[in-house]
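Report on one structure; see the data block that follows.
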Amino acid sequence: MAVSQHVCVIGGGASGTIAARELQDEGHTFKVFEKRDCIGGLFTAGYDGLMMTSSTAVTLFSGYRMDGDENPRFLTGGEYVKYLNDFADYYDLRKHFVFQSEVVEVKPAPDSEPIGHWDERDTKSFMTPQQYKFLVKYRTHNGEVHVEKFTRIIVATGVHQPSNENMEVLDGYTGESMHSSQFKNTLSPTNMRGKSVLIIGGGESAADIAYEISKDAKKLALSFRSCPGFITPRRVFNSPLIPADHDTTPLRHCLPLWQHPVHNFWDLPLLRTPYPYRPYDAVMFAINEVSQ
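For the sequence shown, our numbering begins at -16 and goes up steadily by one.
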């Protein structure tokens, strides 16, 4: 086995949880810092109608399956959070999580500088302070700041953040506006019932939220930045046996052509005008930018 590392994992969502399992399997010591009070990341704060866009066939980890997952299905946000927690408990990972703690700084550590409350008793006998290469500063829920040393860092915080461009494109618009990350349901935080709503964006959040809002809104439109815009159904021909992600997952492109399932996509008529705000009572931005 390679030299054991002491690893800091930032983020306790799906990526952070599976990273913890892989580190455990390789015999490394590690801590997972999660600013929320539970495992699950953004899925713990999702909108009411959240449903996975990938089926259990390609979403679940190979080392832990769910009962009754012989036929691929799409988990709700709550079901997926439960799965991640069950996975963590099955492999006894929860003891490695540091909840309600936000990492605020990571920087190289001078080899000879003792810092923080690093405890020699927590390390392997063959590891020395000189092997620690990073200082990680984190803040707990009560405002206390701590610093610990690690040899490796895994950033598992996700790649997208709400776009900062919203206010620029809203110039001259006087109606309501919000980002999809603020959406909970049609009544919170903004009542969408009986209103004309424009959703800007065509990703998973836009599709799910459009469906939820369509139940109560007077009028609903989707605006895409580029053409053509289309939304694929979760299942092919509404079959419970053929999830559409068999065609959109990279696994499809690893199979011989004769093994590809036959799929059919339905293009939806979409509104494609630059900034058509004025006919709408509310505008929702379901767009994101990659964090740097």
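Every residue gets a Cβ at the ideal spot worked out from N, C-alpha and C, and that includes glycine.
Given the structure is predicted, the values throughout are model-derived calculations rather than measurements.
Q: Measure how close the beta-carbons of Arg122 and Val130 come, nearest whole angstrom, since I'm counting them as under 8 Å.
A: Against the sequence shown, residue 122 aligns to sequence position 139. Against the sequence shown, residue 130 aligns to sequence position 147. Arg122 to Val130, Cβ: 11 Å. No contact.
Q | Contact between the stretch 10 to 30 and the stretch 38 to 48 (3+ Cβ pairs under 8 Å) | A | No, the stretch 10 to 30 does not touch the stretch 38 to 48.
Q | CA-to-CA distance, Ser45 to Ser(-2), given in whole angstroms | A | Within the sequence shown, residue -2 is the residue found at index 15, counting from 1. Within the sequence shown, residue 45 is the residue found at index 62, counting from 1. Distance between the alpha carbons of Ser(-2) and Ser45: 14 Å.
(Q) Quick check on this structure: which residue in Pro91, Val87 and Lys116 has the alpha carbon closest to the alpha carbon of His124? (A) Walking along the sequence shown from the start, residue 124 turns up at place 141. The residue with the shortest Cα to Cα distance from His124 is Val87.
(Q) I'd like to know if the stretch 172 to 182 and the stretch 22 to 30 are in contact, where contact means that at least 3 CB-CB pairs between them fall below 8 Å. (A) With a cut-off of 8 Å, the stretch 22 to 30 and the stretch 172 to 182 do not count as touching, because too few Cβ pairs lie within range.
Q | Whole-angstrom distance between Gly24 and Asp199, CA atom to CA atom | A | Mapped onto the sequence shown, residue 199 falls at position 216. Mapped onto the sequence shown, residue 24 falls at position 41. Rounded to the nearest whole angstrom, the CA to CA distance from Asp199 to Gly24 is 29 Å.
Q.
Going by beta-carbon coordinates alone, are Ala265 and Gly126 separated by less than 8 Å?
A. Sequence index remark: in the sequence shown, residue 265 carries index 282 (1-based). Sequence index remark: in the sequence shown, residue 126 carries index 143 (1-based). The answer is no: Cβ separation not under 8 Å.
Q.
Give me the DSSP bridge partner(s) of Tyr121.
A. By one-based count along the sequence shown, residue 121 stands at place 138. Paired residue(s): Val86 and His129.
(Q) In the DSSP output, which residue or residues are listed as bridge partners for Phe336? (A) Not covered by the structure: residue 336. The range shown for the chain is -16 to 275.
Q: Name the two residues that bound the continuous alpha helix (DSSP H) containing Lys65.
A: Translated into positions along the sequence shown, residue 65 becomes position 82. Counting along the chain, the alpha helix (DSSP H) containing Lys65 begins and ends at Gly60 to Tyr73.
Q.
For the alpha helix (DSSP H) containing Ala190, name the first residue and the last one.
A. Here residue 190 refers to the residue found at position 207 when the sequence shown is read from its first residue. Membership of Ala190 in the alpha helix (DSSP H) is indicated by the continuous run Glu187 to Ser197.
Q: Could you tell me how far apart the beta carbons of Phe117 and Pro93 are, in whole angstroms, since I believe they sit closer than 8 Å?
A: Working through the sequence shown from its first residue, we reach residue 117 at position 134. Working through the sequence shown from its first residue, we reach residue 93 at position 110. About 11 Å separates the two Cβ atoms, so there is no contact after all.
Q: Output the distance between the C-alpha atoms of Gly60 and Leu43, rounded to the nearest integer angstrom.
A: As a first step, residue 60 must be located in the sequence shown, where it is residue number 77. As a first step, residue 43 must be located in the sequence shown, where it is residue number 60. About 13 Å.
Q. Considering only the beta carbon of each residue, do Ser197 and Leu205 sit closer than 8 Å?
A. Along the sequence shown, one-based indexing puts residue 197 at 214. Along the sequence shown, one-based indexing puts residue 205 at 222. By the CB criterion at 8 Å, Ser197 and Leu205 fall outside the cutoff.
Q. So, Leu58 versus Ile22, is the Cβ gap smaller than 8 Å?
A. Start at 1 with the first residue of the sequence shown, and residue 58 comes out as number 75. Start at 1 with the first residue of the sequence shown, and residue 22 comes out as number 39. Contact: no.
Q | Cβ neighbour criterion (16 or more within 10 Å) applied to Gly177 | A | Within the sequence shown, residue 177 is the residue found at index 194, counting from 1. Burial check for Gly177: the Cβ neighbour count within 10 Å stays below 16, so the residue is exposed.
Q) Which residues mark the beginning and the end of the beta strand (DSSP E) in which Ala269 is found? A) In the sequence shown, residue 269 corresponds to position 286, counting from 1. It is not in any beta strand (DSSP E) - Ala269 carries neither H nor E in the DSSP assignment.
Q: Could you spell out the range, first to last residue, of the alpha helix (DSSP H) harbouring Ala40?
A: Counting from one through the sequence shown, the residue named residue 40 turns up at place 57. Ala40 -> alpha helix (DSSP H) spans Thr39 to Thr42.
Q | Host beta strand (DSSP E) of His79 (start-end) | A | The residue you call residue 79 lines up with position 96 of the sequence shown. Looking at the DSSP string, His79 is not in any beta strand (DSSP E), and its letter there is neither H nor E.
Q.
Looking only at its chain, what residues have a beta carbon closer than 6 Å to the beta carbon of Gln(-12), apart from the 5 residues adjacent to it on each side?
A. What you label residue -12 is simply residue 5 of the sequence shown in a count that begins at 1. Around Gln(-12): His11, Thr134 and Arg135.
Q) Per DSSP, Leu181 is paired with what? A) Residue numbering aside, residue 181 sits at position 198 when the sequence shown is read from its first letter. BP columns for Leu181 point to Ala204 and Val266.
Q. Would you say Phe80 and Gly(-5) are within 8 Å of each other, going by their C-beta atoms?
A. Position 97 of the sequence shown holds residue 80. Position 12 of the sequence shown holds residue -5. Yes. Within cutoff.
Q: Please determine, among Leu33, Ala269 and Asp20, the residue with the shortest C-alpha to C-alpha distance to Met161.
A: Reading the sequence shown from its first residue, position 178 is the one you call residue 161. Looking at the Cα atoms, Ala269 is the closest of the given residues.
Q: Starting from the Cα of Ser163, find the closest Cα among Ala189, Ser179, Val138 and Ala3 and give me that residue.
A: Residue numbering aside, residue 163 sits at position 180 when the sequence shown is read from its first letter. It is Ala189 whose Cα lies nearest to the Cα of Ser163.
Q: Can you have a look at Val(-8) and say buried or exposed, based on whether 16 or more other CB atoms are within 10 angstroms of its CB?
A: Position 9 of the sequence shown holds residue -8. With 16 or more other Cβ atoms within 10 Å, it is buried.
Q) To which residues does DSSP link Met277 through a beta bridge? A) Nothing can be reported for residue 277, as the shown portion of the chain is limited to -16 through 275.
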